[in-house]
Amino acid sequence: MSARRKIQAVATAAAVLLGLAAAAPAATAAPTADAVTNAAVPANDWLRTDGNKIVDEAGNQVWLTGANWFGFNATERVFHGLWSANIENITRQMAQRGINIVRVPISTQLLLEWKAGQAIRPNVNTYVNPELEGMNNLQVFDYWLQLCEKYGLKVMLDVHSAEADNSGHTYPVWWKGTVTSELFYQGWEWVTARYRTNDTIVAMDIKNEPHGTPNDPQRAKWDSSTDQDNFKYACETAGKRILAINPNLLILCEGIEVYPRPGATWNSPNTNPDRSPNYFYNWWGGNLRGVAEHPVDLGAHQDQLVYSPHDYGPLVFEQPWFAGDFDKESLTNDVWRPNWFYIHEQNIAPLLVGEWGGRLGQDARQDRWMAALRDLMIDNGIHHTFWCLNPNSGDTGGLLLDDWTSWDETKYNQMLKPALWQHNGKFVGLDHQVRLGGAGATTGISLAERYADGTDPVDTTAPTAPGQPTATEVTATAATLNWAAATDNVGVTSYEVLRTTSGSGGASVVTVSGTSYRATNLTASTSYTFTVRARDAAGNISAASPPLTLTTPADNGGGGDQGCAATYRVTNSWQGGYQAEVTVRNSGTAAIGGWTVSWTAPAGTTISSLWNGRLTTSGTSVTVRNEPYNGQLAASASTTFGLTGNGSGVPTGLSCVAS
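What follows is the structure, encoded as structure tokens:
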């Protein structure tokens, strides 16, 4: 909000403050005033971070839940849809339906044109938008910012591409043609300086979906170098130059596409783009594995940093994790946690999923993925902006239907609405003085109203400790644990199972959503101690449960029920090396909780890397045990693990033992 309107809003708020409690004694009652404040609520709407949370200037926790509206990034250089619908109607509807922040894709080329005084007259329907008559596209943008102030909306700018291009996001890096890296930074500096006192714009998403693989002429990497193609360095540089002008802005750093596996480097060959042994793959912008080793450093303004992955479903691309059965837990363990969710769990920084969404009701897997991600974000308070408002997004569709006026009510109600910030039946905005939806809004409240009832959404209360685990179905290599649920003032979202081996000071941790866990990969005749901790959506962790200590029985030689079978297949080979895939199938009639595959390798053959399994070698004897996420197999179900090796030859003595 501009400084002038802030003063007016605060003055109005002061006049009604004394009557607020009497007017709305219950949290469910709508306040009588349209703008309220108190001494604990700041006059400005700037945001910062606190661990994995985003808070206002007073430390009140907020939740950014919004949507994308593209067009300024494209060749039209203005919001799409203004050829059919009125700009104020669309903006008002977004606010009234609970969207509290809008991510606006732009291009560096557009910023440089505006900087040079080269704003163009866009092609908009002035019969539908008479208020835009005679405006250039920069004036249209400024007018829209005023509408956002009017309706309590906040804005995030996103450099979607270097050049103004409808498909510019497909180019992997942030420079292209005449748009150099330095001009990329200068574009950010110009737009920051222009709006530095306007707290309608609260966040800057440095670059949309940097990506590329080692086979590409240009690709984004993530390390601690100052190389031009290191996006971590580019995000730091842009972020620091922005914050030198306005230290109050949130800086969003997206992920990349690939990241080297352990033992590989950015110079390692990409021997198989579909199933690379040297790199972890993910969605464009969705791979934030590098944060663990190379976190973004914004110096004195580190509390303005937000990491921003993107994630999509199978209708956008058939990722490997959609090929078999999957659910929220498997996606969390196999995809989200290793790529970005760990950043939230380890309290490193907040997450904002900048793009998610898609078509609904066309593919059961797509619907299942979208619901799973939605629930993960709700359970953990992860910020997000839905892709997208536009119905002309080819692979996802939009929240609006093709007439740009009607809403896709099924998609909105089933997928987006449950993930929008709500309090006592009202949508919550990010403006302290203006209700989300504007003056007289009945569906939304302001941030000041959210806190006026004296309740505090910042959850600092940890859950109670879970009950002591009990063990059943104990074998030489596995045991099933069960425990009594913990309680919490808001709600428990997950449990951490800690396992300590006798004589070892370390502990292994796995996270599960329920109150049971099948521990596998145990060793016969070994003492183990298990404890369980509960975690809530705010990241609070309980005290550990009372411990359970058990000793696995001696191995009887049978190794379990022999209810699995393994198939070994060489999928690729080259001079001096090969790649293989092993399929493990439950050959029994009951579910199994784990598996161990063994074989004898040909003399002179060594395994250089292995994924989706845990490798142990002794001479020519090779043993692979399941990971925690792929050990449980229903009858007839299967999973795979892969490997690369040096040498050649076919293994002998292939066997599989279930546990």
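Letter 496 of the sequence shown, counting from 1, is numbered 496 in full-length UniProt numbering, and no numbers are missing.
The beta carbon of each residue, even a glycine, is placed where N, CA and C say it ideally should be.
The structure presented is a predicted model; accordingly, all values stated were derived computationally and were not measured.
Check: Are the beta-carbon atoms of T192 and I245 separated by less than 7 Å?; Outcome: yes
Check: CB H432 to CB L447, shorter than 7 Å?; Outcome: yes
Check: Have a look at V512, Y528 and E131 and flag the residue whose alpha-carbon is nearest the alpha-carbon of A471.; Outcome: Y528
Check: Roughly how many whole angstroms lie between the Cα atoms of T170 and M135?; Outcome: 30 Å
Check: Which whole-angstrom value is the C-beta distance of F70 and N390, which I expect to be below 8 Å?; Outcome: 6 Å
Check: Is P262 buried or exposed, if buried means 16 or more other CB atoms sit within 10 Å of its CB?; Outcome: exposed
Check: Just to check my reading of the structure: T477 and G588 have Cβ atoms closer than 8 Å, yes? What is that Cβ distance to the nearest angstrom?; Outcome: Between G588 and T477 the Cβ distance is about 16 Å, and since that is not below 8 Å, they are no contact.
Check: Alpha carbon to alpha carbon, how far is A486 from A538?; Outcome: 15 Å
Check: Going by alpha carbons, who is nearest to E76 out of V570, S621 and P122?; Outcome: P122
Check: Looking at the secondary structure, which residues open and close the alpha helix (DSSP H) in which N380 lies?; Outcome: A364 to N380
Check: V584 and C564 - do their beta-carbons sit closer together than 7 Å?; Outcome: yes
Check: F322 and A67 - do their beta-carbons sit closer together than 7 Å?; Outcome: no
Check: Pick helix, strand or coil for P105, following the three-state DSSP scheme.; Outcome: strand
Check: What is the C-beta distance between P260 and N282, in whole angstroms, given that I count them as a contact (C-beta under 8 Å)?; Outcome: 13 Å between Cβ atoms; not a contact.
Check: If you follow the beta strand (DSSP E) that Q218 is in, where does it begin and where does it stop?; Outcome: Q218 -> no beta strand (DSSP E), and no H or E assigned at all.
Check: For V509, which three-state DSSP category applies?; Outcome: strand
Check: Let's test the definition: count the other Cβ atoms within 10 Å of the Cβ of N215 and tell me whether it reaches 16, buried, or not, exposed.; Outcome: exposed
Check: How big is the Cα-Cα spacing for G347 and A220?; Outcome: Reading the sequence as shown, one finds Asn at residue 347 and not Gly. Those two C-alpha atoms are separated by around 26 Å.
Check: Three-state secondary structure (DSSP) at P260?; Outcome: strand
Check: Give a yes or no on whether the C-beta atoms belonging to N137 and V179 are separated by under 7 Å.; Outcome: no
Check: Do the CB positions of T600 and T617 come within less than 7 Å of each other?; Outcome: no
Check: With DSSP as the reference, label A349 as helix, strand or coil.; Outcome: coil
Check: Look at the alpha carbon of residue 660 and the alpha carbon of N489, and state the distance between them as a whole number of angstroms.; Outcome: With the chain running from 1 to 659 in the structure shown, residue 660 is simply not present.
Check: Just how far apart, CA to CA, sit A23 and V428?; Outcome: In this prediction, A23 scores a pLDDT of 27, lower than 50, which makes its location untrustworthy; the coordinate-derived value is nonetheless stated afterwards. Their Cα atoms are separated by approximately 19 Å.
Check: Residue ranges of each beta strand (DSSP E) run of no fewer than 3 residues wholly in the segment 184-237, ordered along the chain?; Outcome: 201-205
Check: Which of the three DSSP states, helix, strand or coil, is assigned to C388?; Outcome: coil
Check: Leaving out five residues before and five after S494 in sequence, what residues of the same chain have Cβ atoms less than 6 Å from its Cβ?; Outcome: T511, S513 and R535
Check: Scan the segment 485-548 and note each continuous alpha helix (DSSP H) run of 4 residues or more that stays entirely inside, going in chain order.; Outcome: none
Check: Can you list, in chain order, the residues of its chain whose CB lies under 7 Å from that of K53, leaving out five sequence neighbours each side?; Outcome: Q61 and P350
Check: With burial defined as no fewer than 16 other Cβ atoms inside 10 Å of the residue's Cβ, what is the status of A85: buried or exposed?; Outcome: buried
Check: Among D363, L430, N572 and R518, which one has its Cα closest to the Cα of S659?; Outcome: R518
Check: Between the C-alpha atoms of D50 and Q468, what's the straight-line distance to the nearest angstrom?; Outcome: 33 Å
Check: May I ask you to report which of helix, strand or coil DSSP gives M415?; Outcome: helix
Check: Using DSSP's beta-bridge definition, name the partner residues of S598.; Outcome: T623 and S655
Check: Assuming H211 and G285 make a contact with CB atoms under 8 Å, what is their CB distance in whole Å?; Outcome: 7 Å
Check: So V316 is in the alpha helix (DSSP H); what residue range does that whole segment cover?; Outcome: Run containing V316: none; DSSP gives neither H nor E here.
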